[in-house]
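Residue numbers (our numbering): 115 to 1152.
Every residue gets a Cβ at the ideal spot worked out from N, C-alpha and C, and that includes glycine.
Here the structure is a predicted model, which means the values were calculated and not measured.
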């Protein structure tokens, strides 16, 4: 074992340096000064220098040799200039401003005899096709160079550009750009590439980046043979493209280490699968960008050995004066306004200590600027129009959208007032009912289009709802991706559906969960499904299928990612390019499914550009409930984030409830409008009272709507029955789900709330009834006839053409069972899924199964467990094994059949099969054992949409009317891997709690089932004892 020392002695270093520089004819004296400079820098780097992140920089022999090798190429004219440029390139770029000046001074002292004279000479042009960037010459690429005027070069950008151009022109070494989000790292490289006419590809890294994405993989080609298709990196190396590895430190380290040889000075890559060695084209450049680790989630610190192979550039935030220049030139805003806007931003950033984490970044500032630039031109030409007010209102819309507390909104209003001396009037911005004259010009068109839209009369435009719609529509006008954050049931999904249908485009919804992968968004290789008539396609096993996101991009429609925060951050980072203004995406996974070898074709094949009209929407619940988390700052920054407030003032709720009842035809026909408003206010009063009495009580608009629907759909009952049974079904039965209340306490609470409800009914509606009247109204007999089944007053109609007989050995008659059944039937009168909870052995599943049997429906029971996956419920692609057996039997050419050896066939899972069947109920057993991700995947089936989207098939299936979904679970406190379910999920169910069976019930059951048997037994004993008569004193043992 040898330990290899670093070269440290003067003699060795002198030898090394003079050997590298022997062609340049350098003097002994300057070699000695180089040795001293290198030793001094190494010493300083251990003691006082800092790089841009505040760590000590690493200067190794590689740093020195790199600069010497570049110096020997003699690209800059004089020897001194060569040395100076190459040393600056390797030793300076990674340092922070203070150390930068120290080192620069040292380099100039050691290497230059006359600083000014040497640096004022320009570098000679090396050849024909070279373009000048900040004094350095960069070779022109294969494309036509573009003028890129919208990119504004300010002082700090020019400095960064100079450093970058120096590396590209002299060094051709890999570059690593570090800096905070939205500091313009990627855009700078893009700018240089466009101006110099080079192809520039960009790979987004994430935690699961695979080496295959870079290098390539074996793919089945059209004939089903496996052939190796090279990845993006290899193609770039062969053709001399520039490649950007975005978010480098998200990728796992073993993948990065595989890139070592590409980054070394020999620039080659060995592909183990095909045993080939790829040499890099002389024009090939590799750039990497990353956010500093620590502040940003999931970012790792790279190892020193790996970082040393790059030349690091550090970007810092853009200074304030430059922001004003950029706003002025890019967004065409008058300088006085630009100044005020930048002042506002810096005031808000000062304030950030008091506010929460939402950072106001540059992206927000430019959004504000763009809204001024692309505003309606007629408005700005109108001399009377107050454009100051316009800016304030737009600014308010941009800035206040994402904040979550009233204090912060006040801060924003004050800041705007301080800088612009204008107030913001909310009713002008967000009132759908207000007349068009008072409406602000900023939002007038949106509010008009909402008012004109009549297809969804069931939506009430409360101020919060309008605010949400206005902000979203406003962002979509400017092609910004939107992220709606808010508590469950406040109408996020509805708003997205509405805006899509107002524009008349399709909305594709993808429900995210923990195991969502990039392929669900973008598409992947799927087994061939439809067999075409062409004989050559029949041989393909797999083909590329576009995912919903790509389809939306190609047809220019809306795409919505529901519950986006449940997906892994790393998967979402893959979508970064789509969220940037250029809205393109590079399908690295498509690994050469395209046929052509022409490089321009390949680029066209891999890169998808969004059509006009494509919009990206996302929704999520805020962190804090089971399994919910916030998104990482780098991602949130790319979205226009809108914080959605639920409409929870009393007036809003009353309006919503009364509108819901007016919608139902039965009720509107026989009740006047005033009556309905009264009923609605009654419902809201009771709910608010419950909120005050029960400390753990959480409700959302969904619950109030459920109660209003209950009253509307049970129109044949008296008011007392509708109101109180509804109250019990929707709210009170769920009280027993509270984990720590005793039964007695719950009973007391129920009694208290029902009494309050009775009192209120008398006050508001003049409906007088007592607690005992209700008890009489509850039926006691279970009715089971040919056409209906139930307990008075709730009945379910039976399925007449069924042949399933009711099971005789389940007794509905036991007192508690009957009470449980009553609750269940009452809940069934609403079109909502039902969640049954109760102790084990109380008959949760058997009750549902018996009801289904009694009314002649089939029931599909699916048992969930920890390892259940969505594929188990919905289905998956499996190898087709049966076809091989049939092939011999069926005569005919094999071409006609899709099933040949190795083909895949889609098999429906039990849940999907049940969705498609008629007259079937679905029962999900042990709901809270299933992993959170699976449950969230069911969200769309359970709420008002009632549909499920299957990414593998790219189809949507809807529930039919008779299908009902039931779920059963044991209480959380029984342990055994049971999890708490988040509010947003529970909210979609009607909760029914089944009580424990009492002694009386158990006796009833035993008697009912075994009475005849015990009778027989007694008779036999009597017979036995009469036959054998014993003399004397006998006991029973004898």
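The three-state reading of DSSP puts residue 288 in coil, since its state is none of H, G, I, E or B. Contact between residue 1022 and residue 989 holds: their C-beta atoms lie close to 4 Å from each other, under 8 Å. Checking the DSSP bridge columns, you'll see residue 674 partnered with 623 and 731. In chain order, 445, 447, 505 and 508 place their CB closer than 7 Å to the CB of residue 486, counting only its own chain and leaving out the 5 sequence neighbours on each side. Of the residues 147, 258, 372 and 281, the one whose Cα lies closest to the Cα of residue 225 is 147. Counting along the chain, no beta strand (DSSP E) covers residue 567, and no H or E run does either. A distance below 9 Å separates the beta carbons of residue 1104 and residue 946. According to DSSP, residue 975 shares a beta bridge with 1037. Inside the stretch 124-156, DSSP marks no whole beta strand (DSSP E) run of 3 or more residues.
Taking all protein chains in view, the Cβ of residue 993 is surrounded by fewer than 16 other Cβ atoms within 10 Å, so the residue is classified as exposed. Residue 268 places its beta carbon 9 Å or farther from that of residue 428. In the DSSP assignment, residue 485 falls within the alpha helix (DSSP H) that extends over 476-487.
Here the alpha carbon of residue 735 sits roughly 5 Å from the alpha carbon of residue 600.
Under the three-state reduction of DSSP output, residue 858 falls in the helix class. Runs of the beta strand (DSSP E) lying entirely within the stretch 1095-1122, each at least 3 residues long, are 1104-1107 in chain order.
Fewer than three pairs of CB atoms, one per stretch, sit closer than 8 Å, so the stretch 242-256 makes no contact with the stretch 210-228.
Residue 661 is positioned such that its CB atom lies no closer than 9 Å to that of residue 681.
Selection 1058, 1079 and 1064 evaluated against residue 1041 yields 1079 as nearest (Cα-Cα). A direct Cα-Cα distance of roughly 33 Å separates residue 796 from residue 586. Distance between residue 322 and residue 943, taken at the CA atoms: about 47 Å. Looking only at 723, 1100, 624 and 959, the smallest Cα-Cα distance to residue 675 is reached by 624.
Residue 1028 carries a helical assignment under DSSP once its states are collapsed to helix, strand and coil. When rounded, the separation of the alpha-carbon atoms in residue 931 and residue 574 is 40 Å. Unbroken beta strand (DSSP E) stretches of 3 residues or longer found wholly inside the stretch 152-233: none. Contact between residue 776 and residue 610 fails: their C-beta atoms lie close to 25 Å from each other, not under 8 Å. For the options 802, 804 and 770, the alpha carbon positioned closest to that of residue 791 is the one of 770. Ranked by how close their Cα comes to the Cα of residue 289, the residues 357, 693 and 1067 have 357 in first place. For the 9 Å CB-CB criterion, residue 515 and residue 583 do not form a contact.
Using a 10 angstroms sphere on the CB of residue 475, the tally of other CB atoms reaches 16 or more, which defines it as buried. By the Cβ rule, the stretch 897-908 does not count as touching the stretch 868-880, because fewer than three pairs are nearer than 8 Å.
For residue 152, same chain residues with a beta-carbon under 7 Å away, outside a window of 5 residues either side, are 127 and 178 in chain order. Among the bridge pairs identified by DSSP, residue 755 is matched with 597. In this structure residue 950 does not touch residue 846 by the C-beta definition: roughly 16 Å separates them, more than the 8 Å allowed. Residue 671 places its beta carbon less than 9 Å from that of residue 614. Scanning its chain for C-beta atoms nearer than 7 Å, with the 5 sequence neighbours on each side dropped, one finds around residue 319 the residues 359, 360, 361, 362, 364 and 365, in chain order.
By the CB criterion at 9 Å, residue 395 and residue 354 fall inside the cutoff.
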